[in-house]
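Protein chains in written order, with the working numbering: chain A, 1 to 488; chain B, 1001 to 1363.
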Amino acid sequence: MDPSIVKELEAIVGPENVSTSVADTYVFGFDSSIHRHKADVVVMPVRTEEVSDIVKLANRHRIPVVARGGGTGLSGHAVPVKGGIVLSTRRMTKIIDVRVEDLYVRVQPGIINDDLNKVLMKRNFYFPPTPGSGKVATIGGMVANNASGMRAIKYGATRDYVMGMEVVLPTGELAHLGTRTIKNSSGYQLDRLIVGSEGTLGIITEITLRIMPVPGNKALVLAAFDDLRKAGQTISDVIAYPVIPSAMEFMDRTCIDAVISAFNVNFPHSEAIVMIELDGHLAEIADNMEIVEKIASDAGAIEVRSSDDPKEMAEWVAARKAVLPAMSAMPNKASVALADDMSVPISKIPDAVVAFHEIAKKYDIIIATYGHAGDGNLHTKFLLDVNDAKAWKRGEAAVGEVYAVVNSLGGTTSGEHGIAITKAPYMRKERKDTLAAMIAIKKALDPNNIMNPGKLFEWEGLILADLRYPAEVEEDGHPAEGFGEGVE
Amino acid sequence: MMAEFKPNRLNSVVDEMNTCTACATCLVTCDVFQVLQWDSSSPRGRVQLAYGLYTGEIEPDNSVLTRIYQCTKCGRCEQDCPSSVKLLDIFEAARHDLFEAGYRLEKYEKFSNKILTEGNPYNGEEPRWKIFGREPKERAEVAYFMGCKVAFQEPEMGRATIGLIEHLGVDYTLLDETCCGAPLVNAGVSDEEIRKIAEENVREIENRGVRKVIFSCPSCMMSFRDLYSEFTDLPFETEHEVEFFQNFGLELEHTDEKVTYHDPCHLGRHYGIYDEPRKLIARVPNINFVEMENTREKALCCGAGGSMKLADKELGIKVGEKRMKEADGRTVITACPNCKNNLKISGRVKGVSELLYENLKKE
């Protein structure tokens, strides 16, 4: 990085908020994905004007700018693949205005999801999307990625709560998108364009979010099955009844066995477990609980348990959350973020899971599947020997087949984790008839291509690039093996 | 002299580094990260730096050294890690390999040299027992291993502990002790040097026929229990003073002092000793005790662990200030001389033994 540019950055945000050190430029090249690439300089602005000045400077000198929130992206969103400036929003954490009477809150992008909710809950309100990383994920990152979580079936994703935002465009100009009103039919919904744009169209510096009253009571129904299709039947029948649960979580045998073996969790040994969370008034919960129990039993559940005891419910939820540590406890294998959050139509979950099991067998890798069955969003955990280049190549081939299945079932590449690098080739394939429009929008807003360049439709390479693991995986110049072929 | 960096010990923690999913859960409760806010100062960041050193992608320059040593080794990250990664093993391996290759922060080097040549890092010239006016006995049932911090920086804690032991009529002795070696591990000094220290301290205790050693400093106790046992058998029991004093009745005066308790990381999180100090505090009649917001497993760090203040004194003080805010003006009682030493910069602090000793009923 040209020292004169570093000096200019220091003049904008103060020298204490700029670093070109070996340690900082290296670490800010990682997020929670499998990739990493060194940054040239890291800046931590506090105010919108500073962000604007940084972007103007970058645009003038054609330097890439990569915005970074909590650094919890699973597909490489915050990895500066072309080097340049990493702009961390860690110091932009203000809650500007809480307006419960108008159902909105205005925040800076660096505020952490759970920190915001702690404040809102004092007023009996909250921001409903609940990503698993809510303790560390920032609202700016969630908006840029359209993140969501286990309660999307009833409460939607981040995009459903974005009313408006302030954005520094790639030229450094400030734009106010959307409104602070519940309704808005005034022209293009440009705020929606920024949601999920993964930092490629501008840097979000303020967000107006819709907020909701905290739901009252909760109960859980846990149903275990000896057959994946019976679990799938239950999920579909609950929704078609209709009962819309606040969450409906799914675990396959690989996950169930792992949590039982690692933590002696009191779950039935079975092919699948579905955990259904109901919320609302007590009478409504009681009615729905009875309906859900009957649906699960009729579908052939081998065991159905219900609880409204907070302690017992917390134990069940903890057991579900224990999937990751249980997987990590497996010797000589590490859990890697590959094909980790596909979404399929809800009724297609059993077909998808059966196919994933076959793919895992074919490529001799472990694929554990769990996720938010209520909204069709599955998480597959790939377990590999990360020191072994061949294991990575088998994993890559399996990823191709997984997405082929997902597409053939009418699903989508990413439900909530976004595209960035790891899923770019598959998103390009899935959205091939909209790529031209995406590229045109990008060119119109970011003529010098400085905003998070090289991601989404621009990612040219294969997915095993810039790996943050020891294996040296050679790119063989061919797209992922098996891509495009469905698995019956 | 700087040699070529070789990831000798980092080689043994590659699986741990690979298991880290970089989920960032550790950022939430890392007191150092919460003060600095640079991702590179978080446990996840340190794992990544260790990885960069292991692969040779980064040079161990001053920025890398500083980040690696900006850690109090409080263990909160390990406790909270969803993948049960042994983070402290990674950090210690990085420090070890850096130190071995001669990549050393100046203060750690000086500190370590002092310990290796003088037996303590604080310019203490006379034997510790002399400070307290008690010569070691040839044989005794119990030995009090006071540690460098008590002897040379927090002698009031030592006086109180000795006072209580004597009040209880315990057959005890002080020791010709040398630094326990914990600061050397923090610096990254080689096992061979630490083995020598372990053998020296163990021999000194063994020769006096001691059956039980008691400690004021949880880090010293940790050296004996976790570190020395790797090199040598311990032919005696080890107990922290808050465990030891449980076994004795104490007649105490009333006090209306407003107090709270700070859990030292090495005593609480590492050994699960949470109840014993609280039970001792509760023995003081009428004492006005209120817990801090974050206690026991969730206790914040004092800021002095891991010899971190050698790398960044100001950071250590800031972490301590954050902890003391939770005391809300109350006297903080603790069970570690290191914690006391750093926390007292930001408020009133005393050891459990001091609280008990000053409230002993006068005969």
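No residue lacks a Cβ here, since even glycine has one placed at the ideal position from N, Cα and C.
Everything numeric in this text was worked out from a predicted model, so none of it was measured.
9 Å Cβ cut-off: residues of chain B touching residue i
{"i": "R90 (chain A)", "result": "Q1037, W1038 and D1039"}
{"i": "P470 (chain A)", "result": "V1014, M1017, N1018, Y1051, Y1054 and T1055"}
{"i": "L324 (chain A)", "result": "T1021, C1023, P1082 and S1083"}
Beta-bridge pairing of residue i - partner residues as DSSP gives them
{"i": "L9 (chain A)", "result": "Answer is none; L9 (chain A) lacks a bridge partner."}
{"i": "L338 (chain A)", "result": "Beta-bridge pairing links L338 (chain A) to no other residue."}
{"i": "T380 (chain A)", "result": "A:T369"}
{"i": "F30 (chain A)", "result": "A:R36"}
{"i": "D2 (chain A)", "result": "None, per the DSSP bridge assignment."}
{"i": "I85 (chain A)", "result": "A:V41 and A:V65"}
{"i": "D97 (chain A)", "result": "A:R106"}
{"i": "I112 (chain A)", "result": "A:T138"}
{"i": "K1350 (chain B)", "result": "B:I1333"}
{"i": "H176 (chain A)", "result": "A:E166"}
{"i": "A1143 (chain B)", "result": "B:T1173 and B:V1213"}
{"i": "R305 (chain A)", "result": "A:L222"}
{"i": "V18 (chain A)", "result": "A:V43"}
{"i": "F125 (chain A)", "result": "A:P213"}
Short Cβ contact (8 Å threshold) for residue i with residue j
{"i": "S32 (chain A)", "j": "T89 (chain A)", "result": "no"}
{"i": "Y1172 (chain B)", "j": "E1141 (chain B)", "result": "yes"}
{"i": "F1005 (chain B)", "j": "L1065 (chain B)", "result": "no"}
{"i": "C1217 (chain B)", "j": "P1136 (chain B)", "result": "no"}
{"i": "T208 (chain A)", "j": "M142 (chain A)", "result": "no"}
{"i": "G196 (chain A)", "j": "N145 (chain A)", "result": "yes"}
{"i": "C1077 (chain B)", "j": "C1026 (chain B)", "result": "yes"}
{"i": "A296 (chain A)", "j": "V259 (chain A)", "result": "no"}
{"i": "V1028 (chain B)", "j": "V243 (chain A)", "result": "no"}
{"i": "I1205 (chain B)", "j": "E1239 (chain B)", "result": "no"}
{"i": "A224 (chain A)", "j": "I346 (chain A)", "result": "no"}
{"i": "H1270 (chain B)", "j": "M1308 (chain B)", "result": "no"}
{"i": "S1012 (chain B)", "j": "A1101 (chain B)", "result": "no"}
{"i": "F1236 (chain B)", "j": "K1212 (chain B)", "result": "yes"}
Contacts that residue i makes with chain B (C-beta to C-beta distance below 7 Å)
{"i": "A404 (chain A)", "result": "Chain B residues near A404 (chain A): none, gap ~26 Å exceeds 7 Å."}
{"i": "V43 (chain A)", "result": "Correct list: empty, because the minimum Cβ distance to chain B is about 11 Å."}
{"i": "A334 (chain A)", "result": "N1018 and T1019"}
{"i": "V386 (chain A)", "result": "N1018"}
Minimum C-alpha distance to residue i - residue among the options
{"i": "N332 (chain A)", "options": "A:W392, A:V386 and A:P215", "result": "A:V386"}
{"i": "D1312 (chain B)", "options": "B:C1026, B:E1106 and B:P1007", "result": "B:E1106"}
{"i": "E1199 (chain B)", "options": "B:A1282, B:R1208 and B:D1233", "result": "B:D1233"}
{"i": "V13 (chain A)", "options": "A:I54, A:V473, A:A368 and A:F267", "result": "A:I54"}
{"i": "R1009 (chain B)", "options": "B:P1183, B:E1109 and B:V1189", "result": "B:V1189"}
{"i": "K183 (chain A)", "options": "A:A440, A:M92, A:Y104 and A:D40", "result": "A:Y104"}
{"i": "K390 (chain A)", "options": "A:T130, A:A471 and A:V265", "result": "A:A471"}
{"i": "A326 (chain A)", "options": "A:H357, A:R253, A:D466 and A:A398", "result": "A:R253"}
{"i": "Y469 (chain A)", "options": "B:I1345, B:N1018 and B:R1067", "result": "B:N1018"}
{"i": "A1327 (chain B)", "options": "B:G1305, B:M1308, B:K1309 and B:L1300", "result": "B:L1300"}
{"i": "H245 (chain A)", "options": "A:S261, A:P215 and A:P453", "result": "Residue identity check: residue 245 (chain A) is Pro in the sequence provided, not His. It is A:P215 whose Cα lies nearest to the Cα of P245 (chain A)."}
{"i": "R91 (chain A)", "options": "A:D102, A:G83, A:G84 and A:I111", "result": "A:I111"}
{"i": "Y1261 (chain B)", "options": "B:D1226, B:I1333 and B:E1193", "result": "B:I1333"}
{"i": "N59 (chain A)", "options": "A:D446, A:I96 and A:H37", "result": "A:D446"}
{"i": "T93 (chain A)", "options": "A:I439, A:D279 and A:T138", "result": "A:T138"}
{"i": "R1128 (chain B)", "options": "B:D1080, B:L1049, B:L1036 and B:E1154", "result": "B:E1154"}
Within chain A, partners of residue i - CB distance below 9 Å
{"i": "A1024 (chain B)", "result": "D31, S32, G70, G71, T72, S133, K135, V136 and A137"}
{"i": "Q1048 (chain B)", "result": "Y26, V27, G29, F30, R36 and R468"}
{"i": "R1067 (chain B)", "result": "S21, A23, D24 and V27"}
Within chain A, partners of residue i - CB distance below 7 Å
{"i": "V1064 (chain B)", "result": "V22 and A23"}
{"i": "D1061 (chain B)", "result": "V22"}
{"i": "G1045 (chain B)", "result": "V27"}
{"i": "I1058 (chain B)", "result": "V22 and Y26"}
Chain-ordered chain A contacts of residue i [CB-CB under 8 Å]
{"i": "V1213 (chain B)", "result": "Per Cβ cutoff of 8 Å: no residues; V1213 (chain B) is ~36 Å from chain A at best."}
Within chain B, partners of residue i - CB distance below 8 Å
{"i": "A329 (chain A)", "result": "S1084"}
Distance cut-off 7 Å: residue i Cβ against heavy atoms of the ligand PLP
{"i": "G1075 (chain B)", "result": "Absence of the ligand PLP is noted for the structure shown, with no ligands found whatsoever."}
Residue-level contact to chain C via CB, residue i, 8 Å cutoff
{"i": "L1027 (chain B)", "result": "Here the protein chains are A and B, and chain C is not one of them."}
Taking only runs of the alpha helix (DSSP H) that begin and end inside the segment 1207–1264 of chain B, which ones reach a length of at least 4 residues, in chain order? 1218–1222 and 1241–1244
Let me know the beta strand (DSSP E) ranges lying completely inside the segment 1262–1335 of chain B, each 3 residues or longer, listed in chain order. 1331–1334
In chain order, what are the residue ranges of uninterrupted alpha helix (DSSP H) at least 4 long that sit wholly in the segment 204–286 of chain A? 228–240 and 253–263
Those runs of the alpha helix (DSSP H) which lie wholly inside the segment 1147–1200 of chain B and span at least 4 residues: 1147–1152, 1155–1167 and 1182–1187
Ordered list of beta strand (DSSP E) runs contained in the segment 376–425 of chain A, each at least 3 residues: 377–384
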